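K.L.:
Protein chains in written order, with this note's numbering: chain A, 7 to 144; chain B, -8 to 139. We put the CB at the ideal spot given by N, CA and C, even for glycine. Model, not experiment: these values are computed from the prediction. Structure below; questions to follow.
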Amino acid sequence: MGETFVELVTRQAEWGRGNGRMSLQVELEQQRNVLIVRLRGELDHHTADIVRFKMEDAILRGRCDHVVLSLKDLQFMDSSGLGVILGRYKLIKSRGGKMVVCDTQPSVKRLFELSGLFKILSFYDNERTAVASLEVVS
Amino acid sequence: MSGQNHMKLSFASRSENEAFARVAVAAFVSQLDPTMEQLDEIKTVVSEAVTNAIIHGYDGRTDGIVTVEAELDGDSVSLSVSDQGKGIEDLDLARQPLFTSRPELERSGMGFTIMENFMDEFDAVSSVSGGTTLRMKKRIESKKALFN
């Protein structure tokens, strides 16, 4: 489990090289009226704008009512990430939709719990159950 | 008891350095053989402190300097993150969960709460226009110690 100093530095360097300057990737997929947002990498103050713009654009242009945040490959998140997620949650909610989260890593889940966002968002084990929960809603 | 080891990093107040700072500190602290959870906590805390310095201390200006220091002493890590920015007027208010001085920036207001939760000791010193220094300490119960 634990990484040595060299392994950690090597992994981070490879990550940076593989992704150019972007340490966060946002993948969007529309399934009927549900927008699935897959975040890969690290969500902090520096990368929060990418999420904000991409999601805002998809929500305002598209025909989605609900959002599934799929976080299996989100390796890091801090309070800046919570802020941008809370902002999109408010937008979706103001339009009468629902936002749910699935597949969170333990460290990311812990931050949701600590911030109280755990109480206002629903969490699911995987995308399938998350999307299914919204099909019942709509 | 191993001797003290320490490091100091100074870098420009640019948001891309947030990842650099947390990875550098995590790599340094990994000498104590922390668990992944403890390493995640350290990374999060450094990210919060450096982000605060950039957004609040320097108001997003990129010409400021953020300094991060870490010291290992026995099984403890001490961190200090400082800026020479505008300072915090009311520290008690800043430490309240969900408080943010910049609501227009979509901040969650959870930075201080997270730092206080993830570290064993937390202290903030700030003066208006004199900058802010956050000092924190955490005990790392290494896997080695747990197995013995």
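(1) Confirm, please, whether the CB-CB distance from B/S73 to B/A61 is below 8 Å.
(2) Do you know offhand how far B/F2's Cα is from B/T58's?
(3) Express the C-alpha separation of A/L123 and B/D50 in angstroms, rounding to a whole number.
(4) Please state if the CB of B/S38 and the CB of B/R13 are separated by a distance shorter than 8 Å.
(5) Report the option in B/A10, B/I33, B/D66 whose CA atom is closest to the CA atom of B/F113.
(6) For A/F118, is the classification buried or exposed, using 16 other Cβ atoms within 10 angstroms of its Cβ as the cut-off for buried?
(7) Among the candidates B/G48, B/I56, B/S92, whose CA atom is the shortest distance from the CA of B/V119?
(8) Out of A/A64, A/V57, A/P112, state which residue places its alpha-carbon closest to the alpha-carbon of A/L92.
(9) Do you know how far the Cα of A/G89 is from the Cα of B/E95?
(10) Do B/F103 and B/V36 have their beta-carbon atoms positioned less than 8 Å apart in this structure?
(11) On the criterion of 16 or more Cβ atoms from any shown chain inside 10 Å, does A/T135 qualify as buried, or is it exposed?
(12) Output, in chain order, the set of chain A residues within a Cβ distance shorter than 7 Å of B/D31.
(13) Look at the alpha carbon of B/I105 and the alpha carbon of A/S85, and state the distance between them as a whole number of angstroms.
(14) Return the residue from the list A/E48, A/C108, A/S76, A/V32 that minimises the CA-CA distance to A/E62.
P.N.:
Checking against the coordinates, here is how it stands:
(1) The sequence position of residue 61 of chain B within the second sequence is 70, counting from 1. The sequence position of residue 73 of chain B within the second sequence is 82, counting from 1. For B/A61 and B/S73, no; Cβs fall outside 8 Å.
(2) Locating residue 2 of chain B in the second sequence gives position 11, where the first residue counts as 1. Locating residue 58 of chain B in the second sequence gives position 67, where the first residue counts as 1. Taking the Cα positions, B/F2 is about 7 Å away from B/T58.
(3) Within the second sequence, residue 50 of chain B is the residue found at index 59, counting from 1. Within the first sequence, residue 123 of chain A is the residue found at index 117, counting from 1. If I take the Cα positions, the gap works out to 27 Å.
(4) Numbered from 1 along the second sequence, position 22 holds the residue referred to as residue 13 of chain B. Numbered from 1 along the second sequence, position 47 holds the residue referred to as residue 38 of chain B. Between B/R13 and B/S38, the C-beta spacing is below 8 Å.
(5) Within the second sequence, the letter at position 122 stands for residue 113 of chain B. Comparing Cα-Cα distances from B/F113 to each of B/A10, B/I33, B/D66, the minimum goes to B/I33.
(6) For this step, residue 118 of chain A is matched to residue 112 along the first sequence. Result: buried.
(7) Your numbering for residue 119 of chain B matches position 128 in the second sequence. Checking every option, the nearest Cα to that of B/V119 belongs to B/G48.
(8) Translated into the one-based positions of the first sequence, residue 92 of chain A becomes position 86. Among A/A64, A/V57, A/P112, the Cα nearest to that of A/L92 is on A/V57.
(9) Here residue 95 of chain B corresponds to residue number 104 of the second sequence, with the count starting at 1. Here residue 89 of chain A corresponds to residue number 83 of the first sequence, with the count starting at 1. Cα to Cα, the separation comes out at about 11 Å.
(10) Counting from one through the second sequence, the residue named residue 36 of chain B turns up at place 45. Counting from one through the second sequence, the residue named residue 103 of chain B turns up at place 112. Taking 8 Å as the Cβ cut-off, B/V36 and B/F103 do not qualify as a contacting pair.
(11) Residue 135 of chain A sits at position 129 when you count from the first residue of the first sequence. Flag for A/T135 reads exposed.
(12) Here residue 31 of chain B is taken as the residue at index 40 of the second sequence, counted from 1. Those within 7 Å of B/D31 in chain A are S113.
(13) Taking the second sequence and counting its residues from 1, the one referred to as residue 105 of chain B is at position 114. Taking the first sequence and counting its residues from 1, the one referred to as residue 85 of chain A is at position 79. Approximately 8 Å, taken between the alpha carbons.
(14) Taking the first residue of the first sequence as 1, we reach residue 62 of chain A at position 56. Closest by alpha carbon: A/V32.
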